[in-house]
Structures are given as C-alpha cells and as structure tokens.
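What follows is a single structure, written as structure tokens, with notes after it.
Number of protein chains: 2
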Amino acid sequence: MTDKTKNNSLNITAVDSSSLVDKVEQTLIDLLISEKLNPGDQIPKELELTEMLGVSRTVIREALNRLKTIGLIESTKRKGSTIKSPDLLFLLKKSLIPNILDQATLKDIFELRLVIEIGMSDLIYNRATPEDIAELEQIVATEPDSSKEVLFDVDHEIKFHGKLYQISGNHTLIDFQTILLPAFRYVYDSGMIKSPDHDSKWVSHQDLVKILKDGNANKFRNAMRKHLDRHFKGYFK
Amino acid sequence: MTDKTKNNSLNITAVDSSSLVDKVEQTLIDLLISEKLNPGDQIPKELELTEMLGVSRTVIREALNRLKTIGLIESTKRKGSTIKSPDLLFLLKKSLIPNILDQATLKDIFELRLVIEIGMSDLIYNRATPEDIAELEQIVATEPDSSKEVLFDVDHEIKFHGKLYQISGNHTLIDFQTILLPAFRYVYDSGMIKSPDHDSKWVSHQDLVKILKDGNANKFRNAMRKHLDRHFKGYFK
DNA sequence: TTATTGGATTATGTCATACATAATGCGTTT
DNA sequence: AAACGCATTATGTATGACATAATCCAATAA
C-alpha cells in the first residue's frame, strides 16, 4: 500500500516495449549497414547469431525471417543466408490491398499517379520509338467513341496509359504502375473520381499521340497535363 | 536398394519448392482479401490456425510474422492479431539501404525523382501559401553563390526541394522523399551525376520562386523542367 | 455502493530440443 | 575416371514448456 500508484509517479524513463525480435531485427539491419556488405555476402549462421546475441534460435529465426520478407536476405539449406539486393516494389505489391487501405492513402496514391504521368512525359517523348507510336495509334483506333460521353472505359484507359509507362523505359516506374493498378481501378470503381466532363481544352488520347509524333517535349508535357485535367479538377476548385 | 533413382523418372509435374511458410503466408493473404476484412477486424488465434491449416504453430507464427513485417496485421498479447491499414512506405524505408541496391535500381530511383518533381509542379502551384513562398525565399536567400560554379551543395539542394515536397501536401509523396533521400545523397556522392553546367537557359532556385509567385501553372511546370535539365542531360544526349 | 486489489484466464512471446530435408563434399567401388 | 553411397552441415518443421502482457471477475476494503 505504500506507493503502488506507479502511474502517477514521475521521472519515468519510457521503457521500450519492443519485443526481443524487434531488437534483434534492428541489430541485424545495423550490422548490414555498418559492415558495408554487398549482395552475395554471407551472414553468420543462425546458431552463431544465437551465441553472438544471446537469444534463442527462435528469436533469431523470426528476425531473419523478417529480413527475408523485406527482401534483404535469402536463405538456402546448407549454405546459410546471403545478402540480396532487395526488390523494392515486390514489397508494395504484397501490402497493397486496396480494400484495406484507408481513403486518405488511396487519394494520395491516385494523386501520385497524376504526378507521375505528367512528370513521365519527358521520358516518353525522348524514348518513344516509331513502333511505340504505331502501337499507340493502334490503341486509340480501337477506342470507344469519346465524343459521346459514354461510360468511362477503365480498361481502355489502363491500356493506353499502361503503354505510356512501358515507353518510359524506367523499370521501377513500370513495376510501380502494375502495382498501383488495383488501387487505380478501385478508385475508379468506387466513384471517388467523377466521370469526364470534357471542356473545350480537352486533350484526347488521339491528340496526345499526334503531339507525341509531331510536337516537341514541352508541348507533349503540357498536353498531358491538360489530358489529366479533369482529375485535377477534383482537387483544385 | 530397389529403385532409388527417383531423379531419372520422367513425367515430373514441377514440384513447387516453396516452403510451408510460403504457402501458409499466401493462404492467409488470400483470406484477408476474400473475406473483405477491414482494419481492426480480428483474425483467428495461432492455435486455431494451427488446427485449421494442419501445420505446426511454428509455421503459423512465421507466416504471421511476415504479415506483421509487411504491415498487414499487428498483434497484442491476449487479444490476438488484428488487421491493420498498412503504411506502404514504411517497408521501403527499411529495405532501402543504398549500398546494397544495384546501380540500375539506383538510376531508376533517381530518374523517378525527376519525374515526380516535374509532375508535382501542379500540386505545388495550386497549394503554395504566401507563407510557403516566404519560406522558399528565405531558403534561397541563404543559398551559396551559384554563379561561382562552386561545389554542388547537396544539403542546400535537399533543403529547397524538400520544402517543395512539403508544399505538395501529399503525405505519401512527402514520405517518399524522406525515404528516397539516402538514395539521392548516395547518387550525388558517388559521382554518378555530373556537376552542374549552367547553360543560358538555366533556371535557378531563385527563378523558380519568382515564377511560383508571379507566373502561372504552366510556366512553373516548364520552369521546373528546365531547372532539372542538367540531370536529364545525362540520360538523353 | 464504489473503488481497489489480487488472482485466474487467455493468447502471444520466448526458450529448448529433436528430427526432417536439401545441398555439398568426400571417399569407395566398379 | 565416373558413379554411387555416406557423412556433414545449416536451414526447415514439429512439439512441449514456460514467460509475459492484457483482460475479466470476484473478493475485499473504504
């Protein structure tokens, strides 16, 4: 009965509630960084780590398993674990489950798409081959008639813009798009984005291809901005 | 001693070499998706899963541990594991250790930065407050004299552009920048990027701020493109 | 009655041990 | 010299035990 009121006592030093595995994980990551290890290098065996860090093999394994999950190491039977150059996007793919993401993040991601597609213009303009342009022309040729204000064709939208990503030639970007696709589709389907209301300055897919073919980098970039304008309108009024 | 030569037998059906944990992990992820679970919902206890899937608790725990690592669930004592809205960028932060990434990925990431900063122009232009602009002016005022072709000041570069990300107001983007910063710095330091050679059309930070203040969205976007031109030059010659 | 206390309970966290399995190397056999 | 079998090694899986934090609930004291 003396002073069991721990909660009221001051001068608490904020004990870390992290689990053992958390600590070991961080220790290992620090080790990777400080030791300047390169992909292919080996890290100590589980049992060695057990002794080095003074915890059970269970904890070591759970920590290693985490590194494996984020792609920093890979393990084979007899050989042990080796450093690996992580595939950054592989991770996103696993954790990006649209119906679990909150609205704010989804909105951020959709906005990120706009940002990327505009900024990507310069890559596209500089790297598009005649074959790429031909393919784009092919795609718009089979396009549903946009003048009729028909239902927004998500699949076609994705087809055209997907080709643009591919032209960009940046693999991280390409992966990025395929990963974010479920989120895009989810946003489209959920009605967060209003259907198109083409005003006089509207730039169609067809216009874009024409400018890509005969215009210049600046024109193409600004055209892309106008093409995406209806989405921006949701944000800036 | 009879027929131990299993290896030579034909009609092999490509046995999957994935471990038990791999399978359980995928099973659980599929479960999350198909069950349309929302953040906060509980998933079965470890022992229940043990029975449901017919594997040991070890395997269940390792699989759960992976989901925990990619931020899909979190676990507390007594309560069990619950669904969580994953922080997409949190993972990248952990796995992005520049000296482990390969050159190609580093180049992609740096290129991605250019793409984002150009595309971000519209967000910046539409969301910059007078206070933001004042702060930018403050930053360029303390800028080392760029006319002297001095050493490229990475810290200052990051300070200015960091503020731009902040103005964009997109939290995913902001996180993205802080995460990619180590990679940027690494690229700068490693000499993959050549030092600036300002040509006649060079747009300085100071110019950018002026245009942001008195120009329009198109001008600002194109100015940003010119500002980053020296980096692009490395790619398109 | 109300608030506090102190188990009892529950599910995750950690430990220890044993065995399974795949990869590798080495020596024996033919 | 090539093929086979065996021992070795380190990760993968299973099991049982106990530690620990969170929670509930009943007993107790004000």
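Chains as they are written, first to last, in the UniProt record's numbering: chain W, 1 to 237; chain V, 1 to 237.
Don't be surprised by glycine CBs; every beta carbon is placed ideally from N, CA and C.
Handout entry: Alpha-carbon to alpha-carbon, P44 of chain W and L164 of chain W
Key = Working through the first sequence from its first residue, we reach residue 164 of chain W at position 164. Working through the first sequence from its first residue, we reach residue 44 of chain W at position 44. Approximately 45 Å, taken between the alpha carbons.
Practice task
Return yes when the Cβ of R113 of chain V is within less than 8 Å of the Cβ of F184 of chain V, no when it is not.
Solution key: The sequence position of residue 184 of chain V within the second sequence is 184, counting from 1. The sequence position of residue 113 of chain V within the second sequence is 113, counting from 1. Yes. Within cutoff.
Handout entry: DSSP three-state assignment for T27 of chain V, whether helix, strand or coil
Key = Residue mapping note: residue 27 of chain V aligns to position 27 of the second sequence, counting from 1. In the structure shown, T27 of chain V falls within a helical segment according to DSSP collapsed to helix, strand and coil.
Handout entry: Proximity test, Cβ basis, 8 Å: H231 of chain V and chain W
Key = Position 231 of the second sequence, counting from 1, holds the residue named residue 231 of chain V. H231 of chain V does not count as touching chain W.
Practice task
Taking K36 of chain W as the reference, give the member of V:G40, V:L91, V:N99, V:S56 with the closest Cα.
Solution key: Here residue 36 of chain W is taken as the residue at index 36 of the first sequence, counted from 1. When only C-alpha atoms are compared, the closest one is V:N99.
Handout entry: For E74 of chain V: DSSP bridge partner residues
Key = As a position in the second sequence, residue 74 of chain V is number 74, starting the count at 1. The partner list for E74 of chain V (beta bridge, DSSP) reads V:T82.
Handout entry: Inter-residue Cα distance where the pair is T82 of chain W and R61 of chain W
Key = Start at 1 with the first residue of the first sequence, and residue 82 of chain W comes out as number 82. Start at 1 with the first residue of the first sequence, and residue 61 of chain W comes out as number 61. Separation of T82 of chain W and R61 of chain W (C-alpha to C-alpha, rounded to the nearest whole angstrom) is 14 Å.
Exercise for the section: Please classify V187 of chain V: is it buried, with 16 or more other beta-carbons within 10 angstroms of its beta-carbon, or exposed? Expected result: As a first step, residue 187 of chain V is located in the second sequence; it is residue number 187 there, counting from the start. With 16 or more Cβ atoms within 10 Å of its Cβ, V187 of chain V is classed as buried.
Exercise for the section: Check distances from the C-beta atoms of the segment 76-105 of chain W to those of chain V and list, in chain order, the residues that come in under 7 Å. Expected result: Within the segment 76-105 of chain W, the residues whose Cβ lies closer than 7 Å to some Cβ of chain V are I83, S85, P86, L88, L91, L92, K94, S95, L96, I97, N99, I100, L101, D102, T105, listed in chain order.
Problem - Cα-Cα separation, D122 of chain W to K226 of chain V - result: Position 122 of the first sequence, counted from the first residue, corresponds to residue 122 of chain W. Position 226 of the second sequence, counted from the first residue, corresponds to residue 226 of chain V. If you take the alpha carbons of D122 of chain W and K226 of chain V, they lie about 11 Å apart.
Exercise for the section: Give the DSSP bridge partners of Q42 of chain V, in chain order. Expected result: For the purposes of this step, residue 42 of chain V is taken as residue 42 along the second sequence, with counting starting at 1. Bridge partners of Q42 of chain V according to DSSP: V:T82.
Exercise for the section: Apply the 10 Å Cβ neighbour rule to L28 of chain V and answer buried if 16 or more other Cβ atoms are within range, or exposed otherwise. Expected result: Looking up residue 28 of chain V in the second sequence gives position 28. The Cβ neighbour count for L28 of chain V, taken over all protein chains shown within 10 Å, is at least 16; the residue is labelled buried.
Practice task
Express the C-alpha separation of Q138 of chain W and S168 of chain V in angstroms, rounding to a whole number.
Solution key: Taking the first residue of the second sequence as position 1, residue 168 of chain V is located at position 168. Taking the first residue of the first sequence as position 1, residue 138 of chain W is located at position 138. Here the C-alpha atom of S168 of chain V lies approximately 36 Å from the C-alpha atom of Q138 of chain W.
Handout entry: Contact list for G119 of chain V against chain W, beta-carbon separation under 8 Å
Key = Position 119 of the second sequence, counting from 1, holds the residue named residue 119 of chain V. In chain order, L114, V115, I116, E117, I118, G119, M120 make up the part of chain W whose C-beta sits under 8 Å from the C-beta of G119 of chain V.
Practice task
Starting from K95 of chain W, follow the alpha helix (DSSP H) in both directions and report where the run begins and ends.
Solution key: Against the first sequence, residue 95 of chain W aligns to sequence position 95. Correcting the residue type first, residue 95 of chain W is Ser in the shown sequence and not Lys. S95 of chain W -> alpha helix (DSSP H) spans 88-95.
Problem - L47 of chain W to H171 of chain W span [Cα, whole Å] - result: The sequence position of residue 47 of chain W within the first sequence is 47, counting from 1. The sequence position of residue 171 of chain W within the first sequence is 171, counting from 1. Whole-angstrom Cα-Cα distance: 39 Å.
Practice task
Go ahead and pull the three-state DSSP assignment for E111 of chain W.
Solution key: Your numbering for residue 111 of chain W matches position 111 in the first sequence. Here E111 of chain W carries a helix assignment [DSSP, helix/strand/coil].
Exercise for the section: Excluding the 5 residues preceding and the 5 following A217 of chain V in the sequence, name in chain order all residues of the same chain whose CB lies nearer than 8 Å to its CB. Expected result: Numbered from 1 along the second sequence, position 217 holds the residue referred to as residue 217 of chain V. Excluding sequence neighbours, A217 of chain V sits near S121, D122, Y125, N126.
Exercise for the section: Check the C-beta distance from G215 of chain W over to I118 of chain V and give it rounded, since I have them as a contact under 8 Å. Expected result: Position 215 of the first sequence, counted from the first residue, corresponds to residue 215 of chain W. Position 118 of the second sequence, counted from the first residue, corresponds to residue 118 of chain V. In fact, because the Cβ distance is near 17 Å, the residues do not count as touching under 8 Å.
Handout entry: Cross-chain neighbours of L173 of chain W in chain V, by beta carbon under 9 Å
Key = Taking the first sequence and counting its residues from 1, the one referred to as residue 173 of chain W is at position 173. By Cβ distance, chain V contributes D108, E111, L112, V115.
Problem - E149 of chain W in three-state terms, based on DSSP - result: By one-based count along the first sequence, residue 149 of chain W stands at place 149. Residue placement at E149 of chain W is flagged as unreliable, the pLDDT there being 48, under the threshold of 50; the coordinate-derived value follows with that caveat. Coil, per DSSP.
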